[in-house]
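Just so you know, we're using my numbering here: the sequence shown kicks off at 19 and counts up by one.
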Amino acid sequence: TPEYETKDTDILAAFRVTPQPGVPPEEAGAAVAAESSTGTWTTVWTDGLTSLDRYKGRCYHIEPVAGEETQFIAYVAYPLDLFEEGSVTNMFTSIVGNVFGFKALRALRLEDLRIPPAYVKTFQGPPHGIQVERDKLNKYGRPLLGCTIKPKLGLSAKNYGRAVYECLRG
C-alpha cells in the first residue's frame, strides 16, 4: 500500500528482505506485511466476519539496500488495534513470528522497530519503581536480573522452592 500515510500511533517496522528469485520487492514487502498481521497462506471462512482492513499491516515503502542487488528494506506499518495492550509477547509474536518461514523470501531480518508512545503507555511496569525493589532486596549498584527456573515442569514444591532460593540468593 504505497499510498498509505503512517499515523503517530502506528508501530513501524523496517525489514531487510531478500525475495526468492522472480519475486518482485513490492510483492515481497506486501507479503511480509500481510503474513505478520492478518494474512494467511489460505482462504479461511472467518475472513468475512470482520473488516480486516482495520487490522492489517501495510508495506508503505520499499528501498534498495546500497551495495546489495537482491536486498531491500520494506517499511511496514501496523495499527495499534492489531495488538493486545501491554503485551510485548503478543506484539513480537505477530511481527516476528511465522513470517520468517515465509516461502516467498530467501531471507528476512527485522532491522528497526518504532513503538509509539500510545502503545508504550499501555505497559504498566513495576508497581513501585526500581528504588523500592532495590530496598526490598537490599541490592544496590548492580543490575537486578531475573531468571526462568529450569526445568519448568517436574520439580517438587520443595525442589522448586530450593531453586528459587538459590536464584534469589545469587
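Quick reminder that beta carbons are idealized off the backbone N, C-alpha and C, glycines included. Small disclaimer: the values here were computed from a predicted structure and weren't measured.
E184 (DSSP reduced to helix, strand or coil): helix
Within the segment 100 to 167, note down every full beta strand (DSSP E) run reaching 3 residues or more, in order along the chain. 123 to 132
Beta-bridge pairing of A51 - partner residues as DSSP gives them: As DSSP reads the structure, A51 sits in no beta bridge.
Integer-rounded CB distance, given that S54 should sit under 8 Å from G75: 6 Å
Once the 5 residues before and after N108 are set aside, which same chain residues still bring their CB inside 6 Å of it? The beta carbon of N108 sits closer than 6 Å to the beta carbons of F101 and E102 from its chain, once the five residues preceding and following it are set aside; these are given in chain order.
If we call anything under 8 Å between Cβ atoms a contact, is A122 one with V41? yes
Just confirm the distance between the C-beta atoms of A31 and L131, as a whole number of angstroms; I'd bet it's less than 8 Å. 5 Å
My understanding is that V94 touches V50, with C-beta atoms under 8 Å, so please give their C-beta distance in whole angstroms. 6 Å
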